[in-house]
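Asks: Sequences listed follow chains A and B, in order.
First residue of the first sequence? That's 282 in this note's numbering, and the numbers climb one at a time after it.
First residue of the second sequence? That's 3 in this note's numbering, and the numbers climb one at a time after it.
Dropping a structure here in structure tokens format, bear with me for questions.
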Amino acid sequence: GAVVSQHPSRVICKSGTSVKIECRSLDFQATTMFWYRQFPKKSLMLMATSNEGSKATYEQGVEKDKFLINHASLTLSTLTVTSAHPEDSSFYICSASNAGGYFYEQYFGPGTRLTVT
Amino acid sequence: GENVEQHPSTLSVQEGDSAVIKCTYSDSASNYFPWYKQELGKRPQLIIDIRSNVGEKKDQRIAVTLNKTAKHFSLHITETQPEDSAVYFCATNRGEGNQFYFGTGTSLTVIP
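Below, the structure is given as structure tokens:
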């Protein structure tokens, strides 16, 4: 149980284009989803917290107009990187909290490797 | 914001030996302390966690100890095996909420 999927697993896009990443909880309802960014050999950096049906809360320094987050249902959150640039290339990972489970436990998706050329 | 320091950044041990990774944090309101294992290119996997009302928790070869007064917690892996080789991250929650701050990671190599 508590499986989280992400799509796509890898994406290469040209500078200036937008990319959408999906995060789905497959077997549970997730009232809260989190989006992280991870640089090579670095830690996970929380970008934003996404609650179903409300606006996402962004961490300091994260541009909300550049990283659009939508959490339209209890099983799906999307991250759209708008007008992507090479510096946006990174590993993006989502996680989800099970609405019916332990409040603090997060289940992670497999990540999306974004490369902007 | 929360500062979670993790040491060491790299650790090599002989198979069968023990490995210890330590994290310190600054938010006295944090009450949940998970440890994650991440293999290259894969998702972080929760391996053990501890809540603030407990000082120690053990699960087979893995244990976590927590000192809330000193604001540090440690991961202990005994009888290490090559498959334990990975990057390990500690984390704490922000205040009493469920947003995490992650440590900087420890790359563990178990030498056969």
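Every residue gets a Cβ at the ideal spot worked out from N, C-alpha and C, and that includes glycine.
Note that this is a predicted model, so its numbers are computed, not measured.
Helix or strand or just coil, what does DSSP make of E85(B)?
Replies: Start at 1 with the first residue of the second sequence, and residue 85(B) comes out as number 83. Helix.
Asks: Kindly indicate if chain B contains any beta-carbon less than 8 Å away from that of P391(A).
Replies: Locating residue 391(A) in the first sequence gives position 110, where the first residue counts as 1. Yes, contact with chain B.
Asks: Within the same chain, show all residues whose beta-carbon is closer than 6 Å to that of R305(A), passing over the 5 residues directly before and after it, in chain order.
Replies: Translated into the one-based positions of the first sequence, residue 305(A) becomes position 24. So the list reads S286, T356, L357, once near-sequence residues are dropped.
Asks: Taking Cβ-Cβ distances shorter than 8 Å, what residues in chain C pair up with K44(B)?
Replies: This model lacks chain C altogether; the protein chains it does include are A and B.
Asks: Where DSSP assigns a beta bridge to T356(A), which residues make up the other side?
Replies: Position 75 of the first sequence, counting from 1, holds the residue named residue 356(A). Beta-bridge pairing links T356(A) to no other residue.
Asks: Counting only runs that start and end within the stretch 10–44 of chain B, where is the beta strand (DSSP E) found for 3 or more residues in a row?
Replies: Listed in chain order, they are 12–16, 21–26, 34–40.
Asks: Using three-state DSSP, classify E368(A) as helix, strand or coil.
Replies: Within the first sequence, residue 368(A) is the residue found at index 87, counting from 1. Of the three classes helix, strand and coil, the one that applies to E368(A) here is helix, per DSSP.
Asks: Please give the ranges of any alpha helix (DSSP H) in the stretch 313–356 of chain A, keeping only runs that are unbroken, at least 4 residues long and fully inside the region.
Replies: Correct list: empty.
Asks: Can you look up L307(A) in the DSSP assignment and give me helix, strand or coil?
Replies: Against the first sequence, residue 307(A) aligns to sequence position 26. Coil at L307(A), not helix or strand.
Asks: Looking only at its own chain, which residues have a Cβ that is under 8 Å from the Cβ of G381(A), when we skip the five neighbours before and after it?
Replies: Stepping through the first sequence from its first residue, residue 381(A) is reached at position 100. For G381(A), where only same-chain residues beyond five positions count, the Cβ hits under 8 Å are F309, Q310.
Asks: Starting from the beta carbon of Q101(B), find every residue of chain A whose beta carbon is closer than 8 Å, and list them in chain order.
Replies: As a first step, residue 101(B) is located in the second sequence; it is residue number 99 there, counting from the start. F315, L327, T330, listed in chain order.
Asks: Interface residues of chain A around T106(B) at Cβ under 7 Å?
Replies: Reading the second sequence from its first residue, position 104 is the one you call residue 106(B). Per Cβ cutoff of 7 Å: S324.
Asks: Hey, quick one: how far does the beta strand (DSSP E) through T389(A) stretch, first residue to last?
Replies: Locating residue 389(A) in the first sequence gives position 108, counting from the first residue. According to the sequence displayed, residue 389(A) carries Phe and not Thr. F389(A) -> beta strand (DSSP E) spans 387–389.
Asks: Kindly confirm or deny that the stretch 82–90 of chain B and the stretch 51–60 of chain B touch, where touching means at least three C-beta pairs closer than 8 Å.
Replies: Contact between the stretch 82–90 of chain B and the stretch 51–60 of chain B is absent, because fewer than three Cβ pairs lie under 8 Å.
Asks: Looking at R96(B) and the ligand ZN, is the gap between the Cβ and the nearest heavy atom below 7 Å?
Replies: Among the ligands in the structure shown, none appear at all, so the ligand ZN cannot be discussed.
Asks: Contact criterion: CB-CB distance below 8 Å. Does S306(A) meet it with respect to chain B?
Replies: Position 25 of the first sequence, counted from the start, is the residue given in the question as residue 306(A). So, not an interface residue.
Asks: Please name the residue in N33(B), Q40(B), T106(B) whose C-alpha comes closest to that of N55(B).
Replies: Here the question's residue 55(B) lines up with position 53 in the second sequence. Among N33(B), Q40(B), T106(B), the Cα nearest to that of N55(B) belongs to N33(B).
Asks: For a contact meaning CB atoms closer than 8 Å, what does Y34(B) contact in chain A?
Replies: Residue numbering aside, residue 34(B) sits at position 32 when the second sequence is read from its first letter. Going along chain A in sequence order, the residues near Y34(B) (Cβ under 8 Å) are Y385.
Asks: Of all the residues that make up the stretch 367–384 of chain A, which are near chain B by a beta-carbon distance shorter than 7 Å?
Replies: Residues I374, S378, F384.
Asks: Quick check on the DSSP output: the beta strand (DSSP E) that includes V56(B) runs from which residue to which?
Replies: Reading the second sequence from its first residue, position 54 is the one you call residue 56(B). It is not in any beta strand (DSSP E) - V56(B) carries neither H nor E in the DSSP assignment.
Asks: Pairing CB atoms from the stretch 31–51 of chain B with CB atoms from the stretch 90–99 of chain B, are three or more of them under 8 Å?
Replies: The answer is yes - the stretch 90–99 of chain B touches the stretch 31–51 of chain B, with three or more Cβ pairs under 8 Å.
Asks: Are the CB atoms of V292(A) and L360(A) within a distance shorter than 8 Å?
Replies: Position 79 of the first sequence, counting from 1, holds the residue named residue 360(A). Position 11 of the first sequence, counting from 1, holds the residue named residue 292(A). It is not a contact, given that the beta carbons lie outside the stated cut-off.
Asks: For E7(B), which beta-bridge partners are listed by DSSP?
Replies: As a first step, residue 7(B) must be located in the second sequence, where it is residue number 5. Note: E7(B) sits in a beta bridge opposite T26(B).
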